[in-house]
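Numbering (the UniProt record's numbering), first residue to last: 1 to 585.
Glycine residues also receive a C-beta, built at the ideal position from the N, C-alpha and C atoms.
A short write-up of the structure that comes next.
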């Protein structure tokens, strides 16, 4: 291998080419001494030049190519030529295997010491160097070095160890040292793989001939199967022990939780078991406690809407609802609000089922229906604990709703969630639950409705011409058919899905005096009319469609999340004297 080598030191070269000044180099060298980081990383951190500028300069000086691997299909077998531990340590990736040589992508090809350590690992192949962004390398590591092979190997080994799946055989496994336990290693690989791809849930589902392991990534399930279906009972047993569940109970569903640490991530796992045709199904929700709570500005709520919401949550009393289907991020939004309100001068009590994130200074109560610790019972006691702010996990019944509304009228700020399609229908849902219209009108301050849509991958998105179905949808919703739309074709960066990450779509309805008056009159049509004609009101569908036209998401995603929502609600013009429900009857 012919090692690329700089003719001068990097800093001197950058000054010589007038990319940075002598003064900037001296400042960077001074910081480098205290931080211990490489000079290039220090210069980027101090914003004296960008990462792309530095890497293009290095590629030019070393006479090696500068590659954008996000849009390049990399063979996982080629990547495996360099073990993951070495790839991550050296920030190097085998991009292509050409038989007697390999193309090696590196973030710092000028580091000859690293090249000396990599060369024996890839011998006898000749190494050809390319410069690659560090962020792209890290993304490639996560997508290429999956735990699929480890999971399959451990599953096969476990099947061989358990030729019979009797209860005694499985319980005997419990007495083995966990670090040497095949089940523990298999579960560790499953959790590591899930954390690596940022999965929110893991599903373990025994079928007649295979064991399915599915991961929910960006809201969509990704499936892998194991032929060793006989190991399902052993897996479920181990998980039940970890979650302190009854290992002898297989006929009834059970819920539990436990914590593990995976790759320096402290993961809180909520687990649910359910008897199914071929055994027990297990679903685990993964909550990354080490990531910290999102702040309000990090939830994705648009700036003007966030400013209005911030003013509302500073109110000393009243109720604020967050609505949407399961998995739409309601709890994350509520915790974002709580983190802003969590100050020494305010007492905050939460009533949750279950408690998802542990918060300092906040009194969190876990609902337990088995012993009568229900939302309404806890809420009744909570009101006697002198709180300033109360968070109720969900408004599930009339008693809880009425107690929350009365708490909001007696000097408390009450936050809660509700399962409804949009903000406008939430008030009607409270009334349908049995809450008096005057109570809802007096206590309710604002409603936030939200959904999550998948974000387009920035590396592989391309212009998209809507198909016939999409054009019909656009015409039905009276939108601009000439607007541009985008789609992701799939690349290395997004694991060939076309999407990478998710973002929230929000709808904020502030209960103004005219809206409250309409509620007191039980004038549902008048309330809806006023809400949709409010100057600051933007519907969920409209915001999602705006994101699609901006190239942030796809038209397909807009249709998927809002198929039962009106993008532009068809409401009659405001009437001078709207009829109430009582008058109509």
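Query: For a minimum of 3 consecutive residues, which ranges assigned as the beta strand (DSSP E) are wholly contained in the region 391 to 467?; Result: 413 to 418, 444 to 456 and 461 to 464
Query: Per DSSP, which one or two residues make a beta bridge with residue 323?; Result: 418 and 449
Query: Under 8 Å, with one C-beta from each stretch per pair, do the region 356 to 375 and the region 328 to 341 reach the 3-pair mark?; Result: yes
Query: Return the CA-CA distance between residue 391 and residue 402, expressed in angstroms with no decimal places.; Result: 14 Å
Query: Quick check: the Cα distance between residue 221 and residue 444, rounded to an integer number of angstroms?; Result: 37 Å
Query: Between the alpha carbons of residue 9 and residue 78, how many angstroms are there, rounded?; Result: 33 Å
Query: Residue range of the alpha helix (DSSP H) that residue 32 falls in?; Result: 22 to 35
Query: Any idea what DSSP makes of residue 222, helix, strand or coil?; Result: strand
Query: According to DSSP, is residue 278 part of a helix, a strand, or is it coil?; Result: coil
Query: Helix, strand or coil, according to DSSP, for residue 371 in the structure here?; Result: helix
Query: Given this structure, state the Cα-to-Cα distance separating residue 559 from residue 472, to the nearest angstrom.; Result: 11 Å
Query: Taking 8 Å as the CB-CB limit, is residue 89 close to chain C?; Result: Among the protein chains of the structure shown there is no chain C, as only one such chain exists.
Query: Can at least three beta-carbon pairs, one atom from the region 147 to 158 and one from the region 102 to 120, be found at a separation below 8 Å?; Result: no
Query: Tell me the rounded alpha-carbon separation between residue 89 and residue 99.; Result: 25 Å
Query: In the DSSP assignment, find the beta strand (DSSP E) that holds residue 589 and state where it starts and stops.; Result: Residue 589 lies beyond the residue range present for the chain, which begins at 1 and ends at 585; the question has no answer from this structure.
Query: So, are the CB atoms of residue 416 and residue 457 less than 8 Å apart?; Result: no
Query: Note down, in chain order, each residue of its chain lying with its Cβ closer than 7 Å to the Cβ of residue 161, except the 5 sequence neighbours on either side.; Result: 182
Query: Helix, strand or coil, according to DSSP, for residue 289 in the structure here?; Result: helix
Query: With a CB to CB cut of under 6 Å and the five nearest residues on each side skipped, what residues in its chain are close to residue 139?; Result: 493
Query: Using beta-carbon positions only, say whether residue 316 and residue 348 come within less than 8 Å of one another.; Result: no
Query: Are at least three pairs of beta-carbons, each pair with one atom in the region 473 to 489 and one in the region 508 to 517, less than 8 Å apart?; Result: no
Query: For residue 452, which residues from the same chain have a beta carbon less than 8 Å from its beta carbon, with the 5 sequence-adjacent residues on both sides left out?; Result: 219, 327, 328, 329, 502, 503, 504, 505 and 561
Query: Can you check whether the CB of residue 407 is closer than 8 Å to the CB of residue 352?; Result: no
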